Amino acid sequence: MSRLTVYDTTLRDGSQREGISFSVSDKLKITQRLDDFGIDYIEGGWPGSNPKDIEYFRKVRQLDLKHSKISAFSSTRRAGIRVQDDLNIQALLAAETKAVTIFGKSWDFHVTDAIGTTLEENLAMISDTVAYFKEMGREVIYDAEHFFDGYGHNPEYAMATIRAAEEAGADMVVLCDTNGGMMPFALQKILQHVRSEITTKLGIHAHDDAGMAVSNSIIAAEMGFDQIQGTINGYGERCGNANLCTIIPNLQLKLSMLIVEPEQLEQLTCLSRYVAELANLSPQEQQPYVGENAFAHKGGIHVDAVLKHAHTYEHLQPELVGNSRRILVSELSGKSNVLYKAREHNIDLSKETPETKAVLDRIKEMEYQGYQFEGAEASFELLIWKALKVHQRLFELVGVRTFVEKIGENGNILSEATVKVRVDNREYLTAGEGNGPVHALDEALRKALLQVYPEIRHFHLVDYKVRVLDGKDGTGAKVRVLIETRDERKKKSWGTVGVSPNLIEASWQALVDSVEYGLMNANKAKMKELRKAVKQFRMEG
Ligand SMILES: [Zn+2]
């Protein structure tokens, strides 16, 4: 029995999404990852449409792919000319891929009005093109564009187009919901009819304009269709394509179909985020299975239950798709959140101690002021140390001054900062310059501390985010600053937070936490000592 194959078109249909522009090198990297993951077919592009795709097909031949077959995409020959004379077709042939994907018209209205030819000529275009590529030894996948809409208007003609592809020898006929508006039950009836008349392998290519692309693809799979087409993260034009990051785990974990090896499925979250990274899009937090929030728990009662029996609030184990459980610390926190979160930081606070309550109260109070620790794990850990009074200051601020100057309408803005800190009764005064006051402040603080803590030169600010907390007060509103710092040597990064009505003050708090945490973390002995002290509290409590 043949196995269901997965066909990825992230590099062609997916790249139609607004804002995505993959370079050739991005495309090659994604190809490699899709191959590692076990995708059966990778549609690399449309060689007739742009030179970048031609270069991709030249270079992809040099990749050592273990599993995936590369397919190149193009339309049927144009009306009124021979296949051999069609430049698009010749470009498709020159791509030298094992498989080719030919799309053709199924909707009579599109044939007569969009490409302006006769219904008979369209059938000949399908048939000639498919037959030509079979003759050239290619595996031919035929995409029936607008199949469902065409079927709705003229079912006989829509069926005639896919019959033409079948008779010309297509290896796979793929029914496309190009406009993405199909409802599952209506689609299912059409699939049943096609199944009863076509013996060639069948696939589905669904778009998500009605939010049904995943459902429609799953229905086809359950009916025994042979191929599902889609994209990583559902990227695609308008509302996107069928999301393979949802479909694959659904098929494998819910419907017991073997799509990829279990170890490969564990790469899913990683793959999803990798493609988002190269697409230069933020990962979608609420995406099923792979989203940052897919297994995140916030409410106290949920957390209590999840800690006892994970399945109470999780439909499956996050590890199966390479994701992980997260417990969010928030105003809703019950004690369990704090316990779990603390345990993530190797801080063991047992439930009954007054210290747990002290930490919890402190978190609630700080969140009330606008702090949020979800992206600021390092500030959270520092907060615990402070609440338990085991925290040791590494430096003390004597004074800080920032200076911003702009001369003339078109003058550059100059930012400077001076920082004076005290370490072991010695004072260090330094100045820094930057492209903004926070940058200057960061420079000055590092310069001052570098004299005492040389490891600080490995820390880099990698992200800086500002959120205005209460829009009502205009420029008087509070801001929350989130900073992410990375220790290049240890390949570790950590987040810190600061809140104040003053941007500089909020940034300063986050910077101080960032440096303090980084230094603590760089000093294994100190870290051990701190964690031991935290444990001590538990024993005594
Ligand atoms: Zn499409």
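First residue of the sequence shown: 19, per our numbering; consecutive thereafter.
We put the CB at the ideal spot given by N, CA and C, even for glycine.
Keep in mind the model is a prediction, meaning the values are calculated, not measured.
Pick from the options that is closest to residue i, judged by C-alpha positions
{"i": "glycine 66", "options": "Ser511, Thr420 and Val118", "result": "Val118"}
{"i": "histidine 5", "options": "Lys207, Thr217 and Asp244", "result": "The structure shown does not extend to residue 5, since the chain is modelled only from 19 through 559, so no value can be given for it."}
{"i": "arginine 95", "options": "Cys194, Leu110 and Lys116", "result": "Leu110"}
{"i": "glutamate 434", "options": "His85, Asn443, Pro455 and Tyr389", "result": "Pro455"}
{"i": "threonine 179", "options": "Tyr160, Arg213 and Glu279", "result": "Tyr160"}
{"i": "aspartate 189", "options": "Thr196, Thr218 and Gln210", "result": "Thr218"}
{"i": "glutamate 461", "options": "His333, Lys438, Glu445 and Ser342", "result": "Lys438"}
{"i": "methionine 177", "options": "Glu473, Ile208 and Ala239", "result": "Ile208"}
{"i": "lysine 550", "options": "Pro472, Asp167, His329 and Trp403", "result": "Trp403"}
{"i": "alanine 466", "options": "Glu362, Leu412 and Gln270", "result": "Leu412"}
{"i": "leucine 137", "options": "Asn172, Lys152, Ala112 and Met154", "result": "Asn172"}
{"i": "serine 290", "options": "Thr264, Glu281 and Ala204", "result": "Thr264"}
{"i": "tyrosine 169", "options": "Glu36, His211, Met154 and Gly134", "result": "His211"}
{"i": "methionine 200", "options": "Asn234, Ala495 and Arg35", "result": "Asn234"}
Beta-carbon contacts of residue i that lie in its chain and below 6 Å, excluding the five residues immediately before and after
{"i": "glycine 559", "result": "Bear in mind that the predicted position of glycine 559 carries a pLDDT of just 39, short of 50, making it unreliable; the figure below should be weighed with that in mind. These residues qualify, in order along the chain: Thr371 and Glu373."}
{"i": "alanine 528", "result": "Val499, Ile501, Thr514, Val515 and Gly516"}
{"i": "valine 278", "result": "Gly56"}
{"i": "lysine 483", "result": "Leu500"}
{"i": "aspartate 481", "result": "Glu502"}
{"i": "glycine 452", "result": "Ser433, Ala458 and Glu461"}
{"i": "leucine 537", "result": "Leu412 and Tyr471"}
{"i": "glutamate 337", "result": "none"}
As assigned by DSSP and simplified to three states, the class of residue i
{"i": "histidine 457", "result": "helix"}
{"i": "serine 33", "result": "helix"}
{"i": "cysteine 257", "result": "coil"}
{"i": "glutamine 247", "result": "strand"}
{"i": "glutamate 395", "result": "helix"}
{"i": "glycine 559", "result": "With a pLDDT of 39 at glycine 559, under the threshold of 50, the predicted position of this residue should be treated as unreliable, though the coordinate-derived value follows. Note: glycine 559 maps to coil in three-state DSSP."}
{"i": "alanine 314", "result": "strand"}
{"i": "methionine 19", "result": "Reliability of the predicted coordinates at methionine 19 is poor, the pLDDT of 44 falling under 50, and the value obtained from them is presented with this limitation in mind. If DSSP states are grouped into helix, strand and coil, methionine 19 belongs with coil."}
{"i": "tryptophan 526", "result": "helix"}
{"i": "arginine 440", "result": "strand"}
{"i": "tryptophan 125", "result": "coil"}
{"i": "arginine 343", "result": "coil"}
{"i": "serine 39", "result": "coil"}
{"i": "histidine 333", "result": "coil"}
{"i": "phenylalanine 421", "result": "strand"}
{"i": "glycine 62", "result": "strand"}
{"i": "arginine 504", "result": "strand"}
{"i": "histidine 327", "result": "coil"}
{"i": "arginine 549", "result": "helix"}
{"i": "lysine 375", "result": "helix"}
{"i": "tyrosine 150", "result": "helix"}
{"i": "valine 486", "result": "strand"}
{"i": "glutamate 451", "result": "strand"}
{"i": "glutamate 73", "result": "helix"}
{"i": "leucine 400", "result": "helix"}
{"i": "threonine 514", "result": "strand"}
Residues near residue i in its chain [Cβ-Cβ closer than 8 Å; skip 5 each side]
{"i": "asparagine 268", "result": "Val232 and Ile236"}
{"i": "glycine 198", "result": "Ala224, His225, Asp226, Asp227, Ala228, Met230, Ala231, Arg256 and Cys257"}
{"i": "histidine 85", "result": "Asp53, Gly56, Ile57 and Asp58"}
{"i": "serine 145", "result": "Ala182, Ala183, Glu185 and Ala186"}
{"i": "isoleucine 8", "result": "Since the first residue shown for the chain is 19 and the last is 559, residue 8 is missing from the structure and cannot be characterised."}
Within 8 Å, strictly: CB atoms of residue i and residue j
{"i": "threonine 249", "j": "glycine 63", "result": "no"}
{"i": "alanine 396", "j": "tryptophan 526", "result": "no"}
{"i": "tyrosine 175", "j": "aspartate 126", "result": "yes"}
{"i": "leucine 468", "j": "threonine 420", "result": "no"}
{"i": "valine 191", "j": "glutamate 185", "result": "no"}
{"i": "leucine 141", "j": "alanine 182", "result": "yes"}
{"i": "leucine 286", "j": "tyrosine 253", "result": "no"}
{"i": "leucine 432", "j": "glutamate 423", "result": "yes"}
{"i": "glycine 187", "j": "alanine 132", "result": "no"}
{"i": "threonine 27", "j": "glutamate 61", "result": "yes"}
{"i": "tyrosine 25", "j": "isoleucine 246", "result": "yes"}
{"i": "alanine 260", "j": "leucine 22", "result": "no"}
{"i": "valine 42", "j": "lysine 87", "result": "no"}
{"i": "threonine 115", "j": "phenylalanine 75", "result": "yes"}
{"i": "leucine 401", "j": "isoleucine 381", "result": "yes"}
{"i": "arginine 30", "j": "phenylalanine 121", "result": "no"}
{"i": "valine 339", "j": "glutamate 284", "result": "yes"}
{"i": "phenylalanine 40", "j": "leucine 271", "result": "no"}
{"i": "valine 560", "j": "threonine 147", "result": "No answer is possible for residue 560: it lies beyond the span of the chain, which begins at 19 and ends at 559."}
Own chain, CB closer than 7 Å to residue i, minus 5 neighbours either side, in chain order
{"i": "methionine 19", "result": "Any answer about methionine 19 is weak, because its pLDDT of 44 lies below 50 and its placement is not dependable; what the coordinates show is given next. Taken in chain order, the list of residues that qualify is empty."}
{"i": "glutamine 387", "result": "Val517"}
{"i": "threonine 196", "result": "Glu163, His164 and His225"}
{"i": "asparagine 68", "result": "none"}
Residue i CB to nearest heavy atom of ligand 3 below 7 Å
{"i": "aspartate 167", "result": "Looking for ligand 3 in the displayed structure turns up nothing; the ligands present are ligand 1."}
Short CB-CB distance (under 8 Å) between residue i and chain D
{"i": "isoleucine 474", "result": "The structure shown contains no chain D, having only a single protein chain."}
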